[in-house]
Amino acid sequence: MPELRRPVGLGLAARGDVQETIDWVVRAEQAGLEAAWIHDSYFERDPISFLAPMAQATKRIRLGAGALNPYTRHPFVVASTMATLDNLAEGRLSLALGSGLPLRLAQMDIPFENAPARVGESIDQIRTLWRGERLVLNDKVPPLVPMFPPPKRIPIYIAAYTRPYLELAGEKADGYLARPMESIAAFQLMRERVLDSAQRHGRDASAIDFRGYLLSYISDSRREALNRAKREPFVIYMISITHGKGRRARRPASSYAQTRFPTVVAVRRPTKGPGSTGPCRRTRDVPSGPGKAGRSSGGAMQPACQVQRSTPRLPACGGKDSRPSQFR
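Residue numbers (the working numbering): 52 to 379.
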């Protein structure tokens, strides 16, 4: 199995063909990638339903669920679901919790209130249930009693970027998961705030794992990949929230330029018949993540064809459009 210079994972959206997604995860494991995450994108396919067959089809690669939220999934449901998946992928699961998107929650008529406190309470409640302890949420009725076996250790990441969540990550989370298209300067600042919070709460910096997304598009040419990225609604949304007028004015121009568009990767078409692929070529340098205190996994969600020197190439999964669904 190839060895990577640093942990690299694959992030997938809960859309497209389920079996094709599983095939990509299997190939990621064969290529030596450290983790595969499936994301709750709202109004698309259920990400947890992807994780069960992914767990059955793999043996080593870590599997992540995220970012889930305590509004659309009750903490008891999250605890029970992850404990069940742990039976299929023992000791290989990770969980990311975020606030949820206010607009999406409003569309489902779900109140969005006290989000940071709600996420913090959910972490405590999930861990209580994983320990096999009773949980009192309503003192007028008997407490919740978990009837499922406690899972192996499942690290919980915070996947939200405002200051209260950074404080929460340092106080009680096992890690912090940065959003896509975050600038390196902003990520460094967030990391410092998480570690400051950890120190104030008497925690060691090495107890917190830092990960981040590198949103990438893979195509036959750089221009095609870039044009598809410009049309992707998620990219437009991320640019709007990471480069609003107020935030842009406070950032140096070089920082803004670093994250103006996602990384695009050109992959040569197969030249030796079905099942073979040409080499990947790097179209821009990928900045490495900070490496001071704490455990950092720069580019944790980075596609395997991003940097040829440090990441092995994934085998082809089939035809021309046989890519993780988020890259279409």
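Note that beta-carbon positions come from the ideal geometry of N, C-alpha and C, so glycine has one too. Quick caveat, the model's predicted, so the values are computed rather than measured.
Using the C-alpha atoms, what's the distance from residue j back to residue i?
i: residue 224; j: residue 210; result: 10 Å
i: residue 197; j: residue 57; result: 37 Å
i: residue 430; j: residue 110; result: Here the chain covers residues 52 to 379 and nothing more, so residue 430 does not appear.
i: residue 264; j: residue 203; result: 26 Å
i: residue 277; j: residue 268; result: 7 Å
i: residue 237; j: residue 161; result: 31 Å
i: residue 183; j: residue 177; result: 10 Å
i: residue 101; j: residue 95; result: 12 Å
i: residue 372; j: residue 70; result: Because the pLDDT at residue 372 is just 43, under 50, the model does not fix this residue reliably, and the point stays unresolved.
i: residue 249; j: residue 279; result: 40 Å
i: residue 199; j: residue 257; result: 31 Å
i: residue 288; j: residue 231; result: 11 Å
i: residue 247; j: residue 221; result: 7 Å
i: residue 29; j: residue 181; result: What the structure shows of the chain is the stretch from 52 to 379, and residue 29 is not part of that stretch, so it cannot be assessed.
i: residue 151; j: residue 119; result: 7 Å
i: residue 194; j: residue 127; result: 12 Å
i: residue 261; j: residue 215; result: 17 Å
i: residue 353; j: residue 66; result: Any reading at residue 353 must be qualified, since the residue scores a pLDDT of 33, below 50, and its modelled position is unreliable; no value is offered.
i: residue 254; j: residue 245; result: 11 Å
i: residue 93; j: residue 157; result: 12 Å
i: residue 54; j: residue 113; result: 15 Å
i: residue 68; j: residue 124; result: 24 Å
i: residue 163; j: residue 212; result: 17 Å
i: residue 273; j: residue 235; result: 23 Å
i: residue 206; j: residue 271; result: 37 Å
i: residue 290; j: residue 282; result: 12 Å
i: residue 259; j: residue 169; result: 21 Å
i: residue 99; j: residue 190; result: 31 Å
i: residue 179; j: residue 159; result: 29 Å
i: residue 172; j: residue 275; result: 45 Å
i: residue 208; j: residue 115; result: 10 Å
i: residue 80; j: residue 144; result: 14 Å
i: residue 154; j: residue 97; result: 19 Å
i: residue 187; j: residue 131; result: 16 Å
i: residue 286; j: residue 91; result: 16 Å
i: residue 185; j: residue 233; result: 39 Å
With residue i as the anchor, note down where its alpha helix (DSSP H) starts and where it stops.
i: residue 266; result: Residue 266 -> no alpha helix (DSSP H), and no H or E assigned at all.
i: residue 235; result: 235-251
i: residue 73; result: 69-81
i: residue 174; result: 166-181
i: residue 127; result: 126-139
i: residue 120; result: That residue, residue 120, is in no alpha helix (DSSP H); it is neither H nor E in DSSP.
i: residue 161; result: Residue 161 -> no alpha helix (DSSP H), and no H or E assigned at all.
i: residue 94; result: Note, residue 94: premise wrong, no alpha helix (DSSP H); not H, not E.
i: residue 281; result: 273-282
Can you pull the DSSP bridge partners for residue i?
i: residue 145; result: 115
i: residue 87; result: 61 and 114
i: residue 209; result: 148 and 227
i: residue 186; result: 195
Measure how close the beta-carbons of residue i and residue j come, nearest whole angstrom, since I'm counting them as under 8 Å.
i: residue 86; j: residue 60; result: 4 Å
i: residue 88; j: residue 117; result: 6 Å
i: residue 167; j: residue 148; result: About 11 Å; that fails the 8 Å criterion.
i: residue 84; j: residue 72; result: Not confirmed; about 14 Å, so no contact.
i: residue 108; j: residue 77; result: 5 Å
i: residue 103; j: residue 139; result: 6 Å
Specify, as a first and last residue, the run of the beta strand (DSSP E) that residue i falls within.
i: residue 227; result: 226-229
i: residue 62; result: 60-64
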